[in-house]
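These notes concern the structure reproduced below.
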Amino acid sequence: MKRPENLGFRLGTGFFGLVLVVIVVAIGVELFRQSWLSIQKFGFNFWRTDIWDPVAGQFGARPFIWGTLYSSVLALLISTPIALGIAIFISELCPDRLKPPLVFLTELLAAIPSIVYGVWGYLVLVPAIRAIEVAFPPALKTLPFFSGPPFGLGMLAAALILAVMVIPFSSSVAREVLKSVPVAQREGAYALGATRLEAIMAALFYARTGIVGAVMLGFGRALGETMAVTMVIGNTPRIAVSLFAPQYTMAAVLANEFSEAADNLYLSALIEIGLVLFVITLIVNSLSRLLIWSMARPARESAANVVVPAAESAA
Amino acid sequence: MTFTNRRRKFFSSVFVAFCAASVLVALVPLAFVLFFVVSQGIQALNFNFFTKLPVPVGEQGGGMVNSIVGSLILVSLGGLFAVPIGIVSGIYMSEYAGTRFASLVRFAADTLNGVPSIVIGVFIYGVAVMPFKQFSALAGGLALGVMMIPIVARTTEELLLLVPGTMREGALALGATHARAVFTVVVPSAAQGIITGIVLAVARIAGETAPLLFTALNNRFFSTSLTQPISSLTVQVYNYAESPYQDWHRQAWAGALVLVIIVLTCSLLARFATRRLEGLRSH
């Protein structure tokens, strides 16, 4: 294997692999370089202040961080139980014949382009939400979650759309993770007289790291989702708890204002938001992959241990 | 049967019902989106849509021929960048699986796959728009390519790892070099799967909007120049949907319908191809 042409093959293909590494590093370096002007000028105040006024040269990015985190957390609260329910139904409960079509349909949910969700959200969902907000009982409107005038556009629409978009990602990873739980583990639970719920809870507990990883992967998707959110969240840089209030996210401000940024400082401030979005999603995604991977590996090893003696006895 | 047992059975049934219901809950928005896209989109989808240029506000009719051609150009450019890099780096990851550099490449691919598409747009703006002071189709294609590379690379890797080691060893035993064994025996035996992966990756980037907003920008006119701003179906749909005009909303729905048809066709094609693959493998 030490022949020179084999070394050439290794270096040749490795070069293309290097391209991927270079792109990732270049994204980080380029974003940092371009946002240096803003980092230098505002420092940490950029992330501590609330006023975003490009005309006056005031850039405080806290509302965007808030909007991104709030919408993503709300989306996860809605999507996690549903995604886990789907994963459990497909992998544990439904008849084999039903599996492929259900998998296909949930994957279709992920395949529909973000912009199509956006068009639907903006032209169908938002008017529907506005109607609900108008008809909302005044007694409940005193609660901080439902306060404010009925715009339709706002946090509720964004969280709902995000939840729909995140479900297929979390549920497909959760399904994979459940698949890696040894069958013996479930059979053991049933042998002890467990009900379906108890057996599945045992499997979920066994797979808990991977399940958390699946949910985090969905979180990473939600943080970076751009078009659908931009079209329904109302694009108002103000921190609010109300689900009815129009707000803004980091991805949305980039989509909306980037091509209009007239001066260098404005552009640099926007790129700094991009940099932070890049770093946050990088951390969330790496952590979630680590969790999923640490779950899948020991399972595969123990599965191998089970298989080997069985094969020997068969021989 | 004791009371506790009955309660346990009851909770178990409730749980099963909840899981079944969550499948239905997820399918409701899918049905809603598809219903509205088809029923609204079909009204504006006609021959003109595919052959005419957009018309100014107030004028009836018009189409999106410039955006459709633009999208084709952008996706082709993206594929041109991404397919060679993706396939060859996928080959590297599978042939040298277990080496430290292969793990690094895999980490880079997964990281890149998770980078929000809008951030990729900002990156390409910095490297391919700002230096030339010009939005261009080339920059847009580059952005789509960067999004596509990790998908192609990971699919290629996973499919090559499924090829039985005996095939590679057979070729090597006959005196083939490593490169020859890989390119004439290993890769061709996984080719169908790799092509399926590429089709799915194309479907995904064809629906991308965010990375094009400030790289390819948009263009009201018919353009095939790679160094000029170019229109795309997705960005045009975005602009039309955000406008206050009913007529443009209809056009946006029609554009959305075209996008959904592209995605559905690709997914179905890929599904049939993988089913055939699985059939071949099990025999």
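These protein sequences, in sequence, are chains X and S. For the first sequence, position 234 (counting from the first letter as 1) is numbered 234 according to this note's numbering, and the numbering increases by one without interruption. Whatever position you read off the second sequence (first residue = 1), add 315 for this note's numbering. For each residue, glycine too, the CB sits at the ideal point set by N, CA and C.
Return the Cβ separation of residue i and residue j in integer angstroms, given the expectation that the two are a contact with Cβ distance under 8 Å.
i: X:L76; j: X:F219; result: 6 Å
i: S:A525; j: X:M227; result: 6 Å
i: S:F396; j: S:G378; result: Contact doesn't hold; Cβ gap of about 29 Å is too wide.
i: S:V514; j: S:A585; result: 5 Å
i: X:G118; j: X:S242; result: Going by Cβ atoms, the distance from X:G118 to X:S242 rounds to 22 Å, so no, they are not a contact pair.
i: S:I406; j: S:T471; result: 7 Å
i: X:I200; j: X:I82; result: Not confirmed; about 16 Å, so no contact.
i: S:I466; j: S:A506; result: That belief does not hold up - the Cβ atoms of S:I466 and S:A506 are roughly 17 Å apart, past 8 Å.
i: X:G28; j: X:F278; result: 7 Å
i: X:L125; j: X:L160; result: 7 Å
i: X:M155; j: X:E225; result: Rounded, the Cβ-Cβ distance is 14 Å, inconsistent with contact.
i: X:A207; j: X:V183; result: 13 Å between Cβ atoms; not a contact.
i: X:L105; j: S:L339; result: The pair is not a contact, with the Cβ atoms about 11 Å apart (cut-off 8 Å).
i: S:Q449; j: S:T542; result: 7 Å
i: S:G456; j: S:L368; result: About 22 Å separates the two Cβ atoms, so there is no contact after all.
i: X:L291; j: X:G213; result: 3 Å
i: S:V578; j: S:A518; result: 5 Å
Nearest to residue i by alpha carbon, out of the options?
i: S:C334; options: X:R33, X:I161, X:S79, X:L267; result: X:S79
i: S:S404; options: S:F447, S:L453, S:L474, S:V352; result: S:L474
i: X:S294; options: X:E30, X:E257, X:I211; result: X:I211
i: X:N351; options: S:F498, S:S582, S:W568; result: Beyond the ends of chain X as shown, which are 1 and 315, falls residue 351 of chain X; an answer cannot be given.
i: X:L153; options: X:V229, X:I23, X:A189; result: X:V229
i: X:P113; options: S:E523, S:A505, S:M445; result: S:E523
i: S:F537; options: S:E484, S:V353, S:S382, S:Q358; result: S:S382
i: S:A569; options: S:F347, S:V343, S:S327, S:V352; result: S:V352
i: S:T366; options: S:V384, S:R483, S:R495, S:C581; result: S:V384
i: S:N534; options: S:A452, S:A506, S:G508; result: S:A452
i: S:V550; options: S:T542, S:T530, S:V501; result: S:T530
i: X:W47; options: X:P54, X:A56, X:G57, X:A61; result: X:A61
i: X:P144; options: X:I239, X:L275, X:F15; result: X:I239
i: S:I509; options: S:P399, S:N428, S:A454, S:Y440; result: S:P399
i: X:I129; options: X:V232, X:L18, X:V22, X:S259; result: X:V232
i: S:F326; options: X:G224, X:R196, X:I39, X:I280; result: X:R196
i: S:A443; options: S:L527, S:R483, S:G376; result: S:L527
i: S:P559; options: X:D96, X:L192, X:T236, X:L123; result: X:L123
i: S:G376; options: S:W563, S:L583, S:F587; result: S:W563
i: S:A387; options: S:A588, S:S504, S:G490, S:L548; result: Residue identity check: residue 387 of chain S is Leu in the sequence provided, not Ala. Selected option, being the one with the closest Cα: S:L548.
i: X:A257; options: X:P54, X:A111, X:S286, X:R221; result: Note that residue 257 of chain X corresponds to Glu in the displayed sequence, not to Ala. Residue X:P54 is the option with its Cα nearest to X:E257.
i: X:S259; options: S:L583, S:P544, S:S540, S:T589; result: S:P544
In or out: residue i buried (at least 16 other Cβ within 10 Å) or exposed?
i: X:F44; result: exposed
i: X:R300; result: No answer about X:R300 holds up, because its pLDDT of 48 lies below 50 and its placement is not dependable.
i: S:N320; result: exposed
i: S:Q566; result: buried
i: X:G30; result: According to the sequence as given, residue 30 of chain X is Glu; it is not Gly. The residue is buried, with at least 16 neighbouring Cβ atoms inside 10 Å.
i: X:G85; result: buried
i: X:A163; result: buried
i: S:N361; result: exposed
i: X:S288; result: buried
i: X:L204; result: buried
i: X:F136; result: exposed
i: X:E70; result: It should be noted that the sequence gives Tyr, not Glu, for residue 70 of chain X. Classification of X:Y70: buried, given that the 10 Å Cβ count is 16 or more.
i: S:T580; result: exposed
i: S:R415; result: exposed
i: S:E484; result: exposed
i: S:F330; result: buried
i: X:R221; result: buried
In chain order, what residues of the segment 549–571 of chain S put their CB closer than 9 Å to some CB of chain X? T549, V550, V552, Y553, Y555, A556, E557, H564, A567, W568, G570, A571
Specify whether the segment 419–437 of chain S and the segment 565–574 of chain S touch according to this definition: at least 3 beta carbon pairs, one from each stretch, less than 8 Å apart. no
Any contact between the segment 175–191 of chain X and the segment 247–266 of chain X? By contact I mean 3 or more CB pairs, one from each, below 8 Å. no
Across the segment 81–97 of chain X and the segment 548–556 of chain S, are there enough close Cβ pairs to call them in contact, namely three or more that are closer than 8 Å? no
Select from the segment 442–469 of chain S all residues with a C-beta closer than 9 Å to any C-beta belonging to chain X, and list them in chain order. V442, M445, F450, V461, I464, P465, A468
For the segment 26–52 of chain X, list every residue whose C-beta sits within 7 Å of some C-beta in chain S, in sequence order. I27, E30, L31, Q34
Check whether the segment 405–413 of chain S touches the segment 264–271 of chain X, taking contact to mean three or more Cβ pairs, one atom from each stretch, closer than 8 Å. no
Under 9 Å, CB to CB, which of the residues in the segment 223–255 of chain X have a partner in chain S? L223, G224, E225, T226, M227, T230, M231, M250, A251, A252, L254, A255
State whether the segment 460–476 of chain S contacts the segment 428–439 of chain S, with contact taken as three or more CB pairs (one from each stretch) at a distance under 8 Å. yes
To be precise: take each residue of the segment 118–131 of chain X, compare its Cβ to all Cβ atoms of chain S, and keep it if any distance is under 8 Å. Which residues remain? G118, V119, W120, Y122, L123, V124
Give me the subset of the segment 401–413 of chain S whose CB atoms are less than 8 Å from a CB atom of chain X, sorted by chain position. V403, S404, I406, Y407, M408, E410, Y411
Mind checking the segment 5–23 of chain X against chain S and listing, in chain order, the residues whose C-beta falls within less than 9 Å of any C-beta there? E5, N6, G8, F9, R10, G12, T13, G14, F15, F16, G17, L18, V19, L20, V21, V22, I23
Are the segment 24–39 of chain X and the segment 256–269 of chain X in contact at 8 Å, needing three or more beta carbon pairs? yes
Taking beta-carbon pairs under 7 Å, can you tell me which members of the segment 575–586 of chain S lie near chain X? V575, V578, S582, R586
The segment 88–108 of chain X: positions lying closer than 9 Å to chain S by Cβ: I88, F89, I90, E92, L93, C94, P100, L102, F104, L105, T106, E107, L108
Against chain X, which members of the segment 337–360 of chain S pass a CB distance test of less than 7 Å? S337, V338, V340, A341, L342, P344, L345, V348, F351, V352
Could you name the residues of the segment 510–524 of chain S whose beta carbon sits closer than 9 Å to any beta carbon of chain X, in the order they occur along the chain? L515, A518, R519, A521, G522, E523, T524
Short of 7 Å Cβ to Cβ, which residues in the segment 155–178 of chain X face chain S? V164, I167
Contact residues within the segment 322–334 of chain S, judged by C-beta distance below 7 Å to chain X: R323, K324, F326, S327, F330, V331, F333, C334
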